[in-house]
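Asker:
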Amino acid sequence: MTDYRSPVKDALFTLRHVGMLDEISSSERYAHADPETVADVLGEHGRFMQEVFAPTNRIGDTVGLKWSPEGVETPAEFKTAYAKFVEAGWQGLNAEAEYGGAGFPEAVFTCALEFMTAANGALTMCPGLTTGAIECLQAWGSEEQKERYLRRIVTGEWTGTMNLTEPQAGSDVGLCTTKAEPQGDGTYKITGTKIYISFGEHDMAENIVHLVLARTPGAPAGTKGISLFIVPKFLLTEDGEPGERNDVNCVSIEHKMGIHGSPTCVMSYGDDGGATGFLVGEENQGLRAMFTMMNSARIAVGIQGVALGDAAFQKALQYSQERRQGREVGGDSKEPAFIEAHPDVRRMLMFMKSHVEAMRALLVYNSAAIDLSRALEGDDAEHWREIAELLTPVSKAWSTDVGMEVTSTAIQVFGGMGYVEETGVAQHYRDARIAPIYEGTNGIQAMDLVGRKLGMRMGGVVGEYLQRMRDLDGELAAAGEEFASIRTELAAAVDTLEGVTNWIMTNGLANPVEALAGATPYLRIFGTVTGGWLLARLALGAKADLEGADQADVAWLNTKIASARFFAEQVLPTAAGLVPSVQAGSSVLYEVTPESLASV
Amino acid sequence: MNVVVCVKQIPDPADPGALDPNTKTLKRDGKLILDESDSYGVEMALQLVDAAGGGEVTLVSMAPNGETAGLRTALAMGAAKAVLVSDDALQGSDALGTSKVLAKAIERAGQADLILTATESSDGYTGTVPEQIAELLSLPSVTFAKSITVDGSSVKVQRQTESGYDDVECPLPAVVSVTAGVVEPRYPSFKGIMAAKSKPVDQVGLGDLGVDAGSVGWAGAGQEIVEIATAEARAASTVVEDDGEAFQKIVDMLAELKIV
Ligand SMILES: Cc1cc2nc3c(=O)[nH]c(=O)nc-3n(C[C@H](O)[C@H](O)[C@H](O)COP(=O)(O)OP(=O)(O)OC[C@H]3O[C@@H](n4cnc5c(N)ncnc54)[C@H](O)[C@@H]3O)c2cc1C
Ligand SMILES: Cc1cc2nc3c(=O)[nH]c(=O)nc-3n(C[C@H](O)[C@H](O)[C@H](O)COP(=O)(O)OP(=O)(O)OC[C@H]3O[C@@H](n4cnc5c(N)ncnc54)[C@H](O)[C@@H]3O)c2cc1C
Numbered sequence: 290m291t292d293y294r295s296p297v298k299d300a301l302f303t304l305r306h307v308g309m310l311d312e313i314s315s316s317e318r319y320a321h322a323d324p325e326t327v328a329d330v331l332g333e334h335g336r337f338m339q340e341v342f343a344p345t346n347r348i349g350d351t352v353g354l355k356w357s358p359e360g361v362e363t364p365a366e367f368k369t370a371y372a373k374f375v376e377a378g379w380q381g382l383n384a385e386a387e388y389g390g391a392g393f394p395e396a397v398f399t400c401a402l403e404f405m406t407a408a409n410g411a412l413t414m415c416p417g418l419t420t421g422a423i424e425c426l427q428a429w430g431s432e433e434q435k436e437r438y439l440r441r442i443v444t445g446e447w448t449g450t451m452n453l454t455e456p457q458a459g460s461d462v463g464l465c466t467t468k469a470e471p472q473g474d475g476t477y478k479i480t481g482t483k484i485y486i487s488f489g490e491h492d493m494a495e496n497i498v499h500l501v502l503a504r505t506p507g508a509p510a511g512t513k514g515i516s517l518f519i520v521p522k523f524l525l526t527e528d529g530e531p532g533e534r535n536d537v538n539c540v541s542i543e544h545k546m547g548i549h550g551s552p553t554c555v556m557s558y559g560d561d562g563g564a565t566g567f568l569v570g571e572e573n574q575g576l577r578a579m580f581t582m583m584n585s586a587r588i589a590v591g592i593q594g595v596a597l598g599d600a601a602f603q604k605a606l607q608y609s610q611e612r613r614q615g616r617e618v619g620g621d622s623k624e625p626a627f628i629e630a631h632p633d634v635r636r637m638l639m640f641m642k643s644h645v646e647a648m649r650a651l652l653v654y655n656s657a658a659i660d661l662s663r664a665l666e667g668d669d670a671e672h673w674r675e676i677a678e679l680l681t682p683v684s685k686a687w688s689t690d691v692g693m694e695v696t697s698t699a700i701q702v703f704g705g706m707g708y709v710e711e712t713g714v715a716q717h718y719r720d721a722r723i724a725p726i727y728e729g730t731n732g733i734q735a736m737d738l739v740g741r742k743l744g745m746r747m748g749g750v751v752g753e754y755l756q757r758m759r760d761l762d763g764e765l766a767a768a769g770e771e772f773a774s775i776r777t778e779l780a781a782a783v784d785t786l787e788g789v790t791n792w793i794m795t796n797g798l799a800n801p802v803e804a805l806a807g808a809t810p811y812l813r814i815f816g817t818v819t820g821g822w823l824l825a826r827l828a829l830g831a832k833a834d835l836e837g838a839d840q841a842d843v844a845w846l847n848t849k850i851a852s853a854r855f856f857a858e859q860v861l862p863t864a865a866g867l868v869p870s871v872q873a874g875s876s877v878l879y880e881v882t883p884e885s886l887a888s889v
Numbered sequence: 566m567n568v569v570v571c572v573k574q575i576p577d578p579a580d581p582g583a584l585d586p587n588t589k590t591l592k593r594d595g596k597l598i599l600d601e602s603d604s605y606g607v608e609m610a611l612q613l614v615d616a617a618g619g620g621e622v623t624l625v626s627m628a629p630n631g632e633t634a635g636l637r638t639a640l641a642m643g644a645a646k647a648v649l650v651s652d653d654a655l656q657g658s659d660a661l662g663t664s665k666v667l668a669k670a671i672e673r674a675g676q677a678d679l680i681l682t683a684t685e686s687s688d689g690y691t692g693t694v695p696e697q698i699a700e701l702l703s704l705p706s707v708t709f710a711k712s713i714t715v716d717g718s719s720v721k722v723q724r725q726t727e728s729g730y731d732d733v734e735c736p737l738p739a740v741v742s743v744t745a746g747v748v749e750p751r752y753p754s755f756k757g758i759m760a761a762k763s764k765p766v767d768q769v770g771l772g773d774l775g776v777d778a779g780s781v782g783w784a785g786a787g788q789e790i791v792e793i794a795t796a797e798a799r800a801a802s803t804v805v806e807d808d809g810e811a812f813q814k815i816v817d818m819l820a821e822l823k824i825v
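Chains as they are written, first to last, in this note's numbering: chain A, 290 to 889; chain B, 566 to 825.
Here is the structure:
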């Protein structure tokens, strides 16, 4: 089976046609990230990932991790790959230049993170969470914390973690009970137990900087009383080097369905008198700080959908050209055909291809909106901040749900061999299954979209967004017959989304339960329509690029148009089919009880 | 110490290659990349310059359409500058034509103590360019180096052979070809990639090198591709049924193929 290849060309194409890279790099903030430099950077990054990270993916899955009271041992290949990653300086790609980062746009980082995740999703959890820690400390850390911690995290020498979850506090972080008591010297004693902490303990870096949510004495109940602390595995000496061991320990790791190479740790704080913690920002402002981290982390998890979907698709595409089975219908060969010749297999290939492209486009567009909100000023900045906020739950939930479907479809292409671990395609499916759960379950994302995002500026934000999708109609009309079905289906799909959005806003105001009951299918419609719109833009971009294109690129560009057409003709119409399930309301859900649902 | 490394930029071997039916040669219109074979030479050169405590690595390449993608990879690894020869008249150059051009380009690159190449390229693999360059420059030629140490004005090479290696020593400057896989080529760091952007690439045509267009390209090629044919489909494999003696049949077969 051929190995993963980083889709650098696709990424650059997406950045250009929906990622607004020209606009981003013509701003002062991102002037260094001109398209040519971005091509060089992503080209080398992609090669590094396919040559250094990808070969360790199966090892992580099969060898896995070893826990002992001394810590968690990762496979030797992980340590080598991670050391090379640090040496090459990739951790700092999107970190601010002031503390040693390269200050590249999020949109570019999104493409890089896709390559890493596809190459080895479990290993990438570590630099992925470290990126969250960087964003959080950049935004909320004190000058001293930035000097002492952030610099070393940006290089990748030290890694970061995110400690929210506790046994009784999952989706509802407000139930957090970990305690933080001021010691009178500016430090705090942290005691409590955190669970499911990714890379909470490992042997790839010389220090681990935990960002921990905890409650100070007398803090208000719920999310208003949560504060954020830095708790380093090794306390720093005067000159900033790792010194004395802090009282934080990994007491066990979970046995999981997938991401076997990513330690999911139960972390115990203060078994031996209390772990020393340092407040980040102000007391009771912890959730705000965590949210800085969570927005980038949500996009990062959305990327897992694209990345694992593409890794699985690449394998399936290859297999479909190697496996012979059945005669080609209408063909004259007596030999069994390669399965790619069968209509149903073609359909699966197109389903995967178009969804991977749609997910990538969504994540790049969402990230580009973040970049423009930082690079521009005034109303323009505000506009893009709103778009980014609106799309984040969709990026996370839609992409991870679709990621499941794409990795599952890839298994289907393999037939029985897909269910056999040997081919490696099953791993992508198992690895992808966590993504709809962590970083706020997809159910929570749907509630966020319906309950918070639609209401932004009294529906003004979503209204403008719908209008923007409609505005593509003129260009599609001018693009001729080839784009006719894309145009018709997109217009119908935007109508559908608008109608159902109005329904949610009207009924949700009257009775939130009605809106929440349909939140998940609503998010699905939102994602599907957005995907179709972005693919239409990519197709228009491909059409423009076809003029004067190298011979070598013609088929590649035409495939972009075909992919958008497939999605428009076969996927966009499914949006309308979901409308009844959004608008059904909640009554049928509560005509039953959990007891009555049991069949005995 | 200054080292010149010849680096070829080739179509990505991972992309399906295609032949041009008119010229009967490999299509090279897509993006080219650094030939992996040459990444060992670049790494070796960087290590030698490092060990010498000074000097720089200069790249020399001949490629169509002003292609620099592969050069940029090598510059990002740490080479200081490059000479790129690109000229429409070079189309159809054979190995000798290429060597003539590279020899001139090496001279243009400035005083070199050592010239490195790979033993053979991944796409053309005639494995004859290094020796021809040495001849054209009247320099000693050492091939199949697995390790190189420079000692003042001479170079010591462990030269790979089928059964082991020869120790070879010769005066500098010299042309040494480096065997693939003998060092671990570094990956360009992010800083290296950014630094490469401002490193000079001296792009020249045949006129700048004083090479007569008639002596290279199709015009000067002493070789001609007469015909290209589809490779025969692999013959069906031999199935050996195990009757308790199968191992002997396999051993015999391997012996026949001179593998054992
Ligand atoms: C492999 C792995 C790695 C992880 N890494 C980290 C990490 O690094 N750091 C960290 O802090 N945490 C981490 N987590 C924890 C993860 O974020 C939580 O599991 C997740 O937030 C869900 O919480 P829970 O498991 O308690 O589920 P619950 O909150 O118990 O949810 C159970 C179900 O109820 C639904 N539900 C809950 N509340 C509501 C509601 N109000 N309305 C509607 N539906 C609701 C959910 O959608 C879900 O379907 C990780 C988890 C795993 C499995
Ligand atoms: C029909 C035909 C058409 C061609 N058209 C073109 C063309 O349009 N433009 C063009 O530039 N070349 C062209 N070439 C030249 C060709 O790409 C090779 O450079 C040349 O034939 C050397 O052969 P090789 O790869 O077998 O060298 P080998 O002897 O196998 O190479 C050994 C080492 O020599 C060095 N070396 C070889 N070639 C180069 C090079 N080009 N640049 C830098 N170092 C090198 C490398 O270190 C290489 O690893 C053409 C060749 C042929 C036969």
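Glycine is no exception: its CB is placed at the ideal position from the N, C-alpha and C atoms.
1. Which chain D residues sit within Cβ distance under 9 Å of Y752/B?
2. Find the residues of chain A that neighbour A641/B, judging by a C-beta separation of less than 8 Å, and give them in chain order.
3. Give me the chain B residues within the contact set of L402/A, using Cβ-Cβ distance strictly less than 7 Å, ordered along the chain.
4. Taking T326/A as the query, report the chain B residues whose CB atoms sit under 7 Å from its CB, ordered along the chain.
5. From E629/A, E624/A, Q593/A, pick the residue whose C-alpha is nearest to that of Q607/A; which is it?
6. Does any residue of chain B bring its CB to less than 7 Å from the CB of D839/A?
7. So with CB distances below 9 Å, who are the chain B contacts of A365/A?
8. Provide the residue(s) that pair with I680/B in DSSP beta bridges, ordered along the chain.
9. Go ahead and pull the three-state DSSP assignment for L584/B.
10. Helix or strand or just coil, what does DSSP make of N791/A?
11. May I have the straight-line CA-CA distance separating L649/B from K665/B, to the nearest angstrom?
12. What would DSSP say about F488/A, mapped onto helix, strand or coil?
13. What residues from the region 575-588 of chain B come within 7 Å of chain A, judged by C-beta to C-beta, listed N to C?
14. Measure from the alpha carbon of T293/A to the alpha carbon of each residue in Q603/A, T444/A, G349/A, E446/A, then state which is nearest.
15. What are the boundary residues of the alpha helix (DSSP H) that E897/A is part of?
16. So, with DSSP's three-state summary, where would you put D881/B?
17. Give a yes or no on whether the C-beta atoms belonging to G591/A and V691/A are separated by under 7 Å.
18. My understanding is that Y558/A touches I479/A, with C-beta atoms under 8 Å, so please give their C-beta distance in whole angstroms.
19. Which class does Q574/B belong to by DSSP, given the choice of helix, strand or coil?
20. If we count the other Cβ atoms within 10 Å of its Cβ and call it buried at 16 or more, is G481/A buried or exposed?
21. What residues in the region 590-609 of chain B have a beta carbon less than 8 Å from any beta carbon of chain A?
22. With a 10 Å radius around its C-beta and 16 neighbouring C-beta atoms as the bar for buried, classify Y371/A as buried or exposed.
23. Between the region 619-640 of chain B and chain A, which residues of the former have CB atoms less than 9 Å from a CB of the latter, in chain order?
24. Quick check: S742/B and T691/B, are their CB atoms within less than 7 Å of each other?
25. Short of 8 Å in beta carbon distance, which residues of its chain neighbour V634/A, apart from the five on each side in sequence? Order them along the chain.
26. Check the Cβ of K756/B against every Cβ in chain A and list those closer than 8 Å, keeping chain order.
27. How about G459/A: is its Cβ closer than 6 Å to a heavy atom in ligand 1?
28. In angstroms with no decimal places, state the Cα-to-Cα distance between L584/B and T590/B.
29. Hey, does A391/A have any beta-carbon neighbour from chain B nearer than 7 Å?
30. Figure out for me which residue from G788/A, I775/A, E787/A, A799/A has the closest Cα to the Cα of K849/A.
31. Is G732/A close to ligand 1? I mean its beta-carbon at under 6 Å from any heavy atom of the ligand.
32. Report yes or no: is there a C-beta of chain B within less than 7 Å of the C-beta of M290/A?
33. What residues in the region 746-768 of chain A bring their beta carbon closer than 8 Å to a beta carbon of chain B?
34. Give me the chain B residues within the contact set of L382/A, using Cβ-Cβ distance strictly less than 9 Å, ordered along the chain.
35. Between the C-alpha atoms of E317/A and L310/A, what's the straight-line distance to the nearest angstrom?
Answerer: To lay it out plainly:
1. The displayed structure is made up of protein chains A and B, and chain D is not among them.
2. Ordered by position in chain A, the residues that pass the 8 Å Cβ test against A641/B are D329, E333.
3. Within chain B, no residue has its beta carbon less than 7 Å from that of L402/A; the closest one is some 15 Å off.
4. Under the 7 Å cutoff, chain B gives K762.
5. Checking every option, the nearest Cα to that of Q607/A belongs to E629/A.
6. Taking 7 Å as the CB threshold, D839/A lines the interface with chain B.
7. Chain B residues near A365/A: none, gap ~16 Å exceeds 9 Å.
8. For I680/B, which the question treats as bridged, DSSP gives the partners V569/B, V740/B.
9. DSSP, read as helix, strand or coil, puts L584/B in strand.
10. The answer is helix: DSSP assigns N791/A an H, G or I state.
11. Computed Cα separation, rounded: 14 Å.
12. In the structure shown, F488/A falls within a coil segment according to DSSP collapsed to helix, strand and coil.
13. Answer set for the region 575-588 of chain B: A579.
14. In the sequence as displayed, the identity of residue 293/A is Tyr instead of Thr. Relative to Y293/A, the option among Q603/A, T444/A, G349/A, E446/A whose CA is nearest is Q603/A.
15. Because chain A here runs from 290 to 889, residue 897/A falls outside it and cannot be looked at.
16. Residue 881/B lies beyond the range of chain B shown here (566 to 825); nothing can be said about it.
17. No, they are not a contact pair.
18. In this structure, Y558/A and I479/A form a Cβ contact; the two beta carbons are roughly 5 Å apart against a cut-off of 8 Å.
19. In the structure shown, Q574/B sits in a strand (DSSP, three-state: E or B).
20. G481/A is buried by the Cβ-count criterion.
21. With the criterion set as a beta carbon lying under 8 Å from some beta carbon of chain A, the members of the region 590-609 of chain B are K592, D594, G595, in sequence order.
22. Its Cβ being crowded by 16 or more others within 10 Å, Y371/A is buried.
23. Correct list: A634, R637, T638.
24. Cβ distance not < 7 Å, so S742/B and T691/B don't count as in contact.
25. Within the same chain, V634/A has close Cβ partners S609, I628, V702.
26. The CB of K756/B comes closer than 8 Å to the CB of G378 in chain A, given here in chain order.
27. G459/A: yes, Cβ under 6 Å from ligand 1.
28. Taking the straight line from one Cα to the other gives about 5 Å.
29. A Cβ of chain B is located within less than 7 Å of the beta carbon of A391/A.
30. Nearest option by C-alpha distance: I775/A.
31. Yes, since a heavy atom of ligand 1 falls inside the 6 Å radius drawn around the Cβ of G732/A.
32. Low confidence applies to M290/A: its pLDDT is 43, below 50, so where it sits in the model is not reliable enough to give any reading.
33. So nothing in the stretch comes that close.
34. Chain-order list of chain B residues neighbouring L382/A: F755, by C-beta distance under 9 Å.
35. If you draw a straight line from the Cα of E317/A to the Cα of L310/A, it is about 13 Å long.
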